[in-house]
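Asker: For the sequence shown, position 85 (counting from the first letter as 1) is numbered 103 according to our numbering, and the numbering increases by one without interruption. The beta carbon of each residue, even a glycine, is placed where N, CA and C say it ideally should be. All figures in this text were calculated on a predicted structure; none of them were measured in a lab. Below you will find the structure I want to go over with you.
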Amino acid sequence: PRVTIITPFLSAEENLAEAIASVRAQTVTDWELLRVDDGSTDNSVKIANDVAAADPRIKVLRRPPGSKRGAAAARNAGIEAGNGDLFAFLDADDLYEPHMLETVLAAADANPDAA
19 PRVTIITPFL SAEENLAEAI ASVRAQTVTD WELLRVDDGS TDNSVKIAND VAAADPRIKV
79 LRRPPGSKRG AAAARNAGIE AGNGDLFAFL DADDLYEPHM LETVLAAADA NPDAA
């Protein structure tokens, strides 16, 4: 995929489906979404798994319940597992505007030497 989007989450059932929907609504479709569970104890994992079952671009990585290591460690796990040319982050309680990836990729393409 062109972009790997990493979303760490911990007991985020209230916002998770909407965040995932904002990724699926992107005008750019060459992405993978890695949802990294940091030990949720609510229905977050079920929500993430249900959506992943319907879209092969979405994968769920898990830590055992109650074994949280924090968002940074979850992001790092996503980076290790990701296959994209570029990486982006989306917190579980945030949303992407529909043209976000298109805008970022256009800027990256226009500035290939940018770090």
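What residue does the beta strand (DSSP E) around D68 start on, and which one ends it?
Answerer: Here the question's residue 68 lines up with position 50 in the sequence shown. That residue, D68, is in no beta strand (DSSP E); its alpha helix (DSSP H) goes 62-72.
Asker: Over the uninterrupted beta strand (DSSP E) stretch that includes T59, give me the two end residues.
Answerer: The residue you call residue 59 lines up with position 41 of the sequence shown. Where T59 is concerned, there is no enclosing beta strand (DSSP E), given that its DSSP letter is neither H nor E.
Asker: Are the beta-carbon atoms of V63 and D55 separated by less than 8 Å?
Answerer: Locating residue 63 in the sequence shown gives position 45, where the first residue counts as 1. Locating residue 55 in the sequence shown gives position 37, where the first residue counts as 1. By the CB criterion at 8 Å, V63 and D55 fall inside the cutoff.
Asker: Count the other CB atoms within 10 Å of the CB of P26; is the residue buried (16 or more) or exposed (fewer)?
Answerer: Start at 1 with the first residue of the sequence shown, and residue 26 comes out as number 8. Its Cβ being crowded by 16 or more others within 10 Å, P26 is buried.
Asker: List the residues that DSSP assigns as beta-bridge partners of P26.
Answerer: The sequence position of residue 26 within the sequence shown is 8, counting from 1. DSSP, once it has assigned bridges, lists V54 as partnering P26.
Asker: Can you tell which of A39, D112, L123 has its C-alpha closest to the C-alpha of R72?
Answerer: Here residue 72 refers to the residue found at position 54 of the sequence shown. Arg is not the amino acid found at residue 72; the sequence shown has Ala there. When only C-alpha atoms are compared, the closest one is A39.
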